[in-house]
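Residue numbers (my numbering): 3 to 421.
Virtual Cβ for every residue (Gly too), placed ideally from N, Cα, C.
Before any comments, here is the structure.
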Ligand SMILES: C[S@@+](CC[C@H](N)C(=O)[O-])C[C@H]1O[C@@H](n2cnc3c(N)ncnc32)[C@H](O)[C@@H]1O
C-alpha cells in the first residue's frame, strides 16, 4: 500500500521552520512574487506530514489559518491527533490517506501546500499522485514548498543507501532494527576507508553523528524509492501542473552574489535556459538537498512593493544575541556583515520579535535596514515569523505531558525550538 515506503516504524517528531507561512512569504517576496493574502483567513496543507508537529505548532500559532495534514501511516495520524486534541486545537484537520485517495477527499483550495522529506523518497507513481493533488487543490497565487534529495550532491551517497538497503533487507526484524544492523556494517566499512564510501557525505555524517535517531535512519535509508532528483526534473514536474519557480526556502541560496564567486557567475551567465542554469548552479553548490518554492499564476512585485512588504513583516532572533557572529560561510567563501545596521537589528530583536519598519528611525535608510535584515535572515540569525502572538501554553503543556518524548517547545510567534 505504501509502494515501498517504510511503514512499520513511525517517524521522528520534527519541526520544520521553513514550512511556516511567514517563511514561505519571505522566500516568495525575495524572489519577486506577491505571497498569499493572509489578512483574513488562509488554508495550509502538509502532504506527508508524519507526526505533524509542524502543522500542530502552526495551527496553534495561527488561529486565523485552517491547517490540514495528510499522511499514509495510521500511527502518525493517531499520535498527531492525540497531541492536537490534548492541546485543544480546532483548526487542524488530519487525514490518514495516501496521496492518490487524498485527491478525492473533500478539501478546500489551499494558499500553501508543503511537503518536507517526501518527494524523492517515494516512487514515481506516488509522485504523480502528489502532483495530481497539488494541481487539484492549489489556489491561484498559492505557494508550494517541496524538499528533496538532490543531484549532484547526493550522487556520492547513492551506493551507501543501496548498500544499507541491501544488507538491511537481508536481515530479520522491523525496518529500524534492520537499518541499524546494516549501518553497523556500513560504519565499519567507512572506517576501513572502502573507496566507494570515502566520497559519501552521508557516510561521513553517520560516523560523526551517532546521535541520529534510529527511526529517522530507517525512514531515510530503508525506502524502496530513494532517488536523488535533478532540479530540472522537479521543475518539469511542477511546470506540468502550471507552477513556476519562486525561489528557495534555503534563504541564503536565493542570492547568487552570496553563494557564487564571480567566475562561477560568469560561466552560468552563458546558459540561457533557466532550469539548466539552476542545475549547473547546483554543481557549484554541490547541492544535495533542495527546498524549492513554487507558485501558481504568481503575481510579480516590483522592487518598491517588495521593499514595503518585507519591511512590514515580523522577524525574530533565531539564536541568543550573545552568540551572533556577523559572518556566514557560503560555498563562495565567508560573507561578512558586521555593521551598525545589522547590529541594531539584532539588538532590537533581543527584546522579542518586531516588525522591521518599527525599527526605522529618522536617521535610518530603509534600504540599508532591509538589506541587512535580508542577510541576517539568509544567515539564519533572524527568521521571518508571524506578528500575532498566540497562547502556546496549552500546546506546550500537552507536549510536556505526552507519553511520547517530544523534544520541542513551541514559540508564540509561530516557531519552535528544541528543549
Ligand atoms: C521522511 S517522512 C517526513 C515526515 C514529515 N514531513 C516531517 O518532515 O517530519 C515522509 C512521510 O511521507 C509519508 N508518505 C510516504 N508515502 C506516502 C503516500 N503515498 N501518501 C501519503 N503519505 C506518504 C510517510 O508516512 C512519512 O510520514
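Worksheet item: Bridge partners of residue 338, per DSSP?
Response: Looking up residue 338 in the chain shown gives position 336. DSSP output for residue 338 lists 329 as bridge partner(s).
Practice prompt. Flag this pair as yes or no: are the beta carbons of residue 182 and residue 216 separated by less than 8 Å?
Written response: On the chain shown, position 180 is the one that residue 182 refers to. On the chain shown, position 214 is the one that residue 216 refers to. It is a contact, given that the beta carbons lie within the stated cut-off.
Worksheet item: Which residues in the same chain as residue 24 place their Cβ atom closer than 6 Å to its Cβ, once the five residues preceding and following it in sequence are excluded?
Response: Locating residue 24 in the chain shown gives position 22, counting from the first residue. Contacts found: 386, 387 and 388.
Practice prompt. Answer yes or no: the CB of residue 47 versus the heavy atoms of ligand 1, is any distance below 7 Å?
Written response: Counting from 1 along the chain shown, the entry for residue 47 is found at position 45. Flag unset: Cβ of residue 47 not near ligand 1.
Item to complete: Please classify residue 141: does DSSP put it in a helix, a strand, or coil?
Response: For the purposes of this step, residue 141 is taken as residue 139 along the chain shown, with counting starting at 1. The answer is strand: DSSP assigns residue 141 an E or B state.
Worksheet item: Helix, strand or coil: which one does DSSP assign to residue 255?
Response: Within the chain shown, the letter at position 253 stands for residue 255. Residue 255: helix per DSSP, three-state reduction.
Worksheet item: Can you pull the DSSP bridge partners for residue 384?
Response: Here residue 384 is taken as the residue at index 382 of the chain shown, counted from 1. Note: residue 384 sits in a beta bridge opposite 319.
Item to complete: Given a cut-off of 8 Å, decide if residue 328 and residue 246 are closer than it, judged by their beta-carbon atoms.
Response: Your numbering for residue 246 matches position 244 in the chain shown. Your numbering for residue 328 matches position 326 in the chain shown. Against a cut-off of 8 Å, the Cβ pair of residue 328 and residue 246 comes out as no contact.
Worksheet item: Going by DSSP, which residues form a beta bridge with residue 98?
Response: Looking up residue 98 in the chain shown gives position 96. Note: residue 98 is bridge-paired with 73 in the DSSP secondary-structure output.
Discussion item. Does the distance between the C-beta of residue 105 and the nearest non-hydrogen atom of ligand 1 fall short of 7 Å?
Written reply: The residue labelled residue 105 in the question sits at position 103 within the chain shown. Distances between the C-beta of residue 105 and the heavy atoms of ligand 1 are all 7 Å or more.
Worksheet item: Quick one: what's residue 223 bridged to in DSSP?
Response: Position 221 of the chain shown holds residue 223. DSSP, once it has assigned bridges, lists no residue as partnering residue 223.
Item to complete: Out of 87, 65, 68 and 268, state which residue places its alpha-carbon closest to the alpha-carbon of residue 403.
Response: Counting from 1 along the chain shown, the entry for residue 403 is found at position 401. Of the candidates 87, 65, 68 and 268, the one whose C-alpha sits nearest the C-alpha of residue 403 is 87.
Worksheet item: Say the cut is 7 Å; is the CB of residue 13 nearer than that to a heavy atom of ligand 1?
Response: Counting from one through the chain shown, the residue named residue 13 turns up at place 11. Yes.
Item to complete: Report the partner residues of residue 294 according to the DSSP bridge assignment.
Response: Taking the chain shown and counting its residues from 1, one reaches residue 294 at position 292. Its beta-bridge partners are 148 and 250.
Worksheet item: Under three-state DSSP, which class holds residue 417?
Response: Here the question's residue 417 lines up with position 415 in the chain shown. In the three-state reduction of the DSSP assignment, residue 417 falls in the strand class, which pools E and B.
Practice prompt. Report the rounded CA-to-CA distance for residue 380 versus residue 174, giving the unit in angstroms.
Written response: Sequence index remark: in the chain shown, residue 380 carries index 378 (1-based). Sequence index remark: in the chain shown, residue 174 carries index 172 (1-based). Distance between the alpha carbons of residue 380 and residue 174 is about 45 Å.
Item to complete: Verify whether the separation of the beta carbon atoms of residue 227 and residue 148 is less than 8 Å.
Response: Sequence index remark: in the chain shown, residue 227 carries index 225 (1-based). Sequence index remark: in the chain shown, residue 148 carries index 146 (1-based). It is not a contact, given that the beta carbons lie outside the stated cut-off.
Discussion item. So, under 8 Å CB-CB, residue 1 and residue 254 are touching, yes? Tell me the CB distance rounded to an integer number of Å.
Written reply: The first residue shown for the chain is 3 and the last is 421, placing residue 1 beyond what the model contains.
Worksheet item: Under the three-state reduction of DSSP, which class applies to residue 2: helix, strand or coil?
Response: The first residue shown for the chain is 3 and the last is 421, placing residue 2 beyond what the model contains.
Practice prompt. State buried or exposed for residue 419, treating a residue as buried only when at least 16 other CB atoms are found within 10 Å of its CB.
Written response: Within the chain shown, residue 419 is the residue found at index 417, counting from 1. A residue is called buried when at least 16 other Cβ atoms come within 10 angstroms of its Cβ; residue 419 does not meet this threshold and is exposed.
Worksheet entry | Per DSSP, cross-strand counterpart(s) of residue 189 | For this step, residue 189 is matched to residue 187 along the chain shown. None; residue 189 has no bridge partner.
Worksheet item: Helix, strand or coil for residue 210 per DSSP?
Response: Start at 1 with the first residue of the chain shown, and residue 210 comes out as number 208. Helix, per DSSP.
Item to complete: Over the uninterrupted beta strand (DSSP E) stretch that includes residue 10, give me the two end residues.
Response: Locating residue 10 in the chain shown gives position 8, counting from the first residue. Looking at the DSSP string, residue 10 is not in any beta strand (DSSP E), and its letter there is neither H nor E.
Worksheet item: Under the three-state reduction of DSSP, which class applies to residue 363: helix, strand or coil?
Response: The sequence position of residue 363 within the chain shown is 361, counting from 1. Of the three classes helix, strand and coil, the one that applies to residue 363 here is coil, per DSSP.
Worksheet entry | DSSP-derived helix/strand/coil call for residue 45 | For the purposes of this step, residue 45 is taken as the residue at position 43 of the chain shown. Strand.
Worksheet item: Who does residue 68 pair with in a DSSP beta bridge?
Response: Here residue 68 refers to the residue found at position 66 of the chain shown. According to DSSP, which records beta bridges pairwise, residue 68 is partnered with 45.
Worksheet item: Alpha carbon to alpha carbon, how far is residue 286 from residue 165?
Response: For the purposes of this step, residue 286 is taken as residue 284 along the chain shown, with counting starting at 1. For the purposes of this step, residue 165 is taken as residue 163 along the chain shown, with counting starting at 1. The straight-line gap separating the alpha-carbon atoms of residue 286 and residue 165 is approximately 27 Å.
Discussion item. On the DSSP letters alone, give me the boundaries of the alpha helix (DSSP H) that residue 273 sits inside.
Written reply: As a first step, residue 273 is located in the chain shown; it is residue number 271 there, counting from the start. In this chain, residue 273 is not harboured by any alpha helix (DSSP H), its DSSP state being neither H nor E.
Discussion item. Once the 5 residues before and after residue 252 are set aside, which same chain residues still bring their CB inside 7 Å of it?
Written reply: Residue numbering aside, residue 252 sits at position 250 when the chain shown is read from its first letter. Here residue 252 has 293 as same chain residues with Cβ atoms under 7 Å from its own Cβ, once five neighbours each way along the sequence are excluded.
Worksheet entry | ligand 1 heavy atom lying under 7 Å from the CB of residue 5 | Looking up residue 5 in the chain shown gives position 3. Yes.
Item to complete: Examine chain D for any beta-carbon lying closer than 8 Å to the beta-carbon of residue 414, and answer yes or no.
Response: The structure shown has no chain D; it contains just one protein chain.
Worksheet item: Mapping DSSP to helix, strand and coil, what is residue 231?
Response: Here residue 231 refers to the residue found at position 229 when the chain shown is read from its first residue. Residue state, collapsed to three classes: strand.
Worksheet item: Would you say the beta carbon of residue 100 comes nearer than 7 Å to a heavy atom of ligand 1?
Response: Taking the chain shown and counting its residues from 1, the one referred to as residue 100 is at position 98. The answer is yes for residue 100.
Fill in: Meets three-Cβ-pair contact criterion under 8 Å: the segment 319 to 328 and the segment 267 to 281
The segment 319 to 328 is not in contact with the segment 267 to 281.
Item to complete: Verify the contact flag: residue 16, CB atom, against every heavy atom of ligand 1, threshold strictly below 7 Å.
Response: If you number the chain shown from 1, residue 16 lands on position 14. Residue 16 Cβ: within cutoff of ligand 1.
Worksheet entry | Neighbour-count burial assignment, residue 41, 16 or more Cβ in a 10 Å radius | One-based indexing of the chain shown puts residue 41 at position 39. Counting Cβ neighbours within 10 Å, residue 41 comes out exposed, since fewer than 16 surround it.
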